[in-house]
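Working notes for the structure below.
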Amino acid sequence: MELSVFPNPYMASVHVANSITDVIQKNNAINRQTILGLSTGNTPKPVYDELIRLNKAGTSFRNVVSFNLDEYYPMSGSSGKSYHSYMHNHFFSHVDIPSQNIHIPDGSIAEHEINEYCKSYEQKITDFGGIDIQILGIGRTGHVGFNEPGSGIDSITRLVYLEDITRQDAKIHFNGSPVPEKAITMGIKTILEAKKIYLLAWGEKKAEIIAKSFLQQVSSDCPVSFLQGNKKLELVLDEPAAAMIQNEIQVNRI
Ligand code: PGA
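Below is the structure:
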């Protein structure tokens with residue numbers, strides 16, 4: 129695994145966005161699709177801003193296919209609180225990705241259809257040849273996607289319960305209405321199958337969970353720890369998020 133530490137989230141995000149568009153451009157040149165695994169939350173916003181800028185500067189996203197990590201359940205895609213809305217507002221509506229190439233777990237599916245739906249989400253990723261580049265944030269519980277503590281290394285796309293801490297952290301986006309108790313999320317196995325993974329974290333409030341994830345024993349108590357030592361992983365941090373880890377792991381300081 130590679131650890132890259134940047135002075136600020138902007139510089140880190142430019143690095144990640146450039147790496148993504150390099151792959152898109154190479155694939156565009158041979159008419160191959162690029163399959164992106166995308167995440168929500170505050171962390172990837174500057175990456176999306178930079179990708180939008182690079183799209184306007186000439187990198188076409190017409191051959192990009194996207195799979196989002198997760199969505200609250202139950203949740204209508206048209207709700208302003210949904211990850212569907214987040215993705216359209218922060219990214220998709222600003223770039224030339226065709227709408228039929230966008231995949232986000234459907235939080236409005238009937239409960240008795242969820243198992244089949246999750247299987248078909250996994251199958252679609254496989255049918256596209258797997259995810260080329262996966263973008264991840266990290267939650268205070270050590271989740272990636274909504275893989276909360278207890279999630280196994282073999283977990284795949286499924287319905288999960290959210291931890292109280294996760295629901296508390298989401299409250300700010302729900303304007304007083306209750307945060308759903310459940311979500312549909314890709315699993316740890318789904319994530320680990322990506323060909324390249326960028327895990328991003330900014331700010332001192334992420335320093336402790338980053339240290340726990342990468343310096344302590346691998347355990348389903350902290351699902352991000354399943355990424356420890358993974359050759360496909362680049363851990364991209366700003367200085368404050370790296371504060372408790374950078375003396376322990378070799379760093380590419382930018
Ligand atoms: P954040 O959330 O990017 O808003 O910090 C990350 C996460 O919970 O996965």
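When we follow my numbering, the leftmost residue of the sequence shown carries the number 129, and every step to the right adds one.
Ideal Cβ placement from N, Cα and C applies to all residues, glycine included.
Supposed contact pair residue 132 and residue 178 - C-beta distance, whole angstroms, cut 8 Å = With a contact defined as Cβ atoms closer than 8 Å, residue 178 and residue 132 miss out at about 15 Å.
When the Cα atoms are used, what is the spatial distance from residue 409 to residue 304?
-> What the structure shows of the chain is the stretch from 129 to 382, and residue 409 is not part of that stretch, so it cannot be assessed.
Go ahead and label residue 296 buried or exposed: buried means 16 or more other beta carbons lie within 10 angstroms of its beta carbon, across all protein chains shown.
-> Exposure of residue 296 is indicated by the presence of fewer than 16 other C-beta atoms within 10 angstroms of its C-beta.
Leaving out the 5 sequence neighbours to the left and right, which residues in its chain are closer than 6 Å to residue 332 when beta-carbon positions are compared?
-> Only residues of its own chain outside the window of five on either side were considered, and among them 368 have a CB closer than 6 Å to the CB of residue 332, listed in chain order.
Go through the residues and name those whose CB comes closer than 5 Å to any heavy atom of the ligand PGA, in chain order.
-> Residues lining the ligand PGA by the Cβ criterion, that is a Cβ closer than 5 Å to any of its heavy atoms, are 169, 170, 171, 265 and 267 in chain order.
Mind checking residue 325: buried by the 16 CB within 10 Å criterion, or exposed?
-> By the neighbour-count rule (16 or more Cβ atoms within 10 Å), residue 325 is buried.
Would a C-beta distance cut-off of 8 Å place residue 287 and residue 242 closer than the cut-off?
-> Going by C-beta atoms, residue 287 is nearer than 8 Å to residue 242.
Three-state secondary structure (DSSP) at residue 207?
-> Coil.
Given residue 183, which residues of its chain have a CB within under 6 Å of its CB, disregarding the five upstream and five downstream residues?
-> Within the same chain, residue 183 has close Cβ partners 189 and 223.
DSSP state of residue 295 mapped onto helix, strand, coil = Three-state result, residue 295: helix.
Which residues DSSP lists as bridging residue 262, in chain order | According to DSSP, residue 262 bridges with 165 and 325.
Whole angstroms is fine: what's the gap from residue 130's alpha carbon to residue 193's?
-> Residue 130 and residue 193: Cα-Cα distance of roughly 26 Å.
Given 8 Å as the limit, is there contact between the segment 216-230 and the segment 271-281, that is, 3 or more CB pairs closer than that?
-> Taking 8 Å as the limit for Cβ pairs, the verdict is that the segment 271-281 does not touch the segment 216-230.
Give the DSSP-derived three-state secondary structure of residue 286 in the structure shown.
-> Strand at residue 286.
To the nearest angstrom, how far is it from the Cα of residue 214 to the Cα of residue 345?
-> Residue 345 has its alpha-carbon roughly 34 Å from the corresponding atom of residue 214.
Going by other Cβ atoms of all chains shown within 10 Å of its Cβ, with 16 needed for buried, is residue 240 buried or exposed?
-> Counting of Cβ neighbours within 10 angstroms places residue 240 among the exposed residues, the total staying below 16.
For residue 422, write down the residues that DSSP places opposite it in a beta bridge.
-> Beyond the ends of the chain as shown, which are 129 and 382, falls residue 422; an answer cannot be given.
Could you work out which residue in 151, 166 and 262 is closest to residue 320 when comparing CA atoms only?
-> When C-alpha distances from residue 320 are compared across 151, 166 and 262, the shortest belongs to 262.
Whole-angstrom distance between residue 349 and residue 269, CA atom to CA atom | Each residue's Cα considered, the two are about 9 Å apart.
Between residue 198 and residue 329, is the Cβ-Cβ spacing less than 8 Å?
-> At a Cβ-Cβ threshold of 8 Å, residue 198 and residue 329 do not count as neighbours.
Should residue 257 and residue 163 be called a contact, given that it needs their Cβ atoms to be closer than 8 Å?
-> The answer is yes: Cβ separation under 8 Å.
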